[in-house]
Amino acid sequence: MAAKAARPPAAAMARSEVTACVALGANLGDPVAAVRGALDALNRIPGARLVRASSLYRSAPHEAQGPDFINAVAEVATTLSAPDLLSALQSIEAGAGRERPYRNAPRTLDLDLLFYGEGRIDSPTLTVPHPRWRERAFVLVPLAEIAPDRLPSAWQGAIAGQSIERLPEPAPALHRP
């Protein structure tokens with residue numbers, strides 16, 4: 683009788699690629715450079731690749747004080763788990779000098795995992811889809827540019843009165859190092 687082949691551990695099994703959406707924002711230092719640098723950093727995460735990125739947008743702080751934000755949304759294809767992708771995003775934030783002195787504080791860089799495939803996650807450290815993505819012009823407007831199928835119906839009404847403008851710069855170029 684032939685011996686049964688051992689099944690590889692779950693970590694060693696190939697994970698299929700998942701499409702994730704990440705919101706990017708910054709309003710301290712040089713926020714345009716910070717968001718562009720974060721897009722480059724997303725493309726350097728092992729197990730992830732930047733598929734597309736929206737144009738850059740300027741928006742007033744939402745439920746906060748401080749300078750205007752520069753925002754974008756990126757679509758990333760990844761074989762990482764959602765917690766591992768979140769960890770990579772937090773490492774990019776830390777590398778940009780992100781501090782968290784209080785909720786909604788001005789920031790050098792903010793990366794939010796909006797979607798991870800079609801999955802739903804509700805854990806103490808991660809909620810996907812992001813719990814407030816449907817309320818924010820700085821997420822919905824860039825998302826409409828790259829993934830309009832993700833938008834809720836009548837989404838424009840949800841952002842009435844929120845200030846956002848597209849910057850005249852072209853969308854960030856995509857390249858692999």
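Note that the numbering used here has the sequence shown beginning at 683, numbered continuously upward. Cβ atoms here follow ideal geometry from the backbone N, Cα and C, with glycine treated the same way.
Beta-carbon gap between ALA778 and THR790 smaller than 8 Å: In contact: ALA778 and THR790 (Cβ atoms closer than 8 Å).
Supposed contact pair ASN753 and PRO824 - C-beta distance, whole angstroms, cut 8 Å: By a beta-carbon distance limit of 8 Å, PRO824 contacts ASN753. Their separation comes to about 6 Å.
Exposure label - SER698; buried when at least 16 CB within 10 Å: Within 10 angstroms of the beta-carbon of SER698 lie fewer than 16 other beta-carbons, which makes it exposed.
Host beta strand (DSSP E) of LEU822 (start-end): Counting along the chain, LEU822 falls outside any beta strand (DSSP E), though it belongs to the alpha helix (DSSP H) covering 819 to 828.
Proximity below 8 Å, CB of PRO811 to CB of LEU796: Their beta carbons are under 8 Å apart, which means PRO811 touches LEU796 by this criterion.
At least three beta-carbon pairs within less than 8 Å, the region 719 to 737 to the region 762 to 771: The answer is yes - the region 762 to 771 touches the region 719 to 737, with three or more Cβ pairs under 8 Å.
Contacting residues, own chain, Cβ-Cβ under 7 Å from VAL700 (five flanking each side not counted): Taken in chain order, the residues that qualify are THR760, TYR798, GLY799.
Top-ranked residue by Cα proximity to GLU817, from GLU745, PRO749, LEU732, TYR739: When only C-alpha atoms are compared, the closest one is GLU745.
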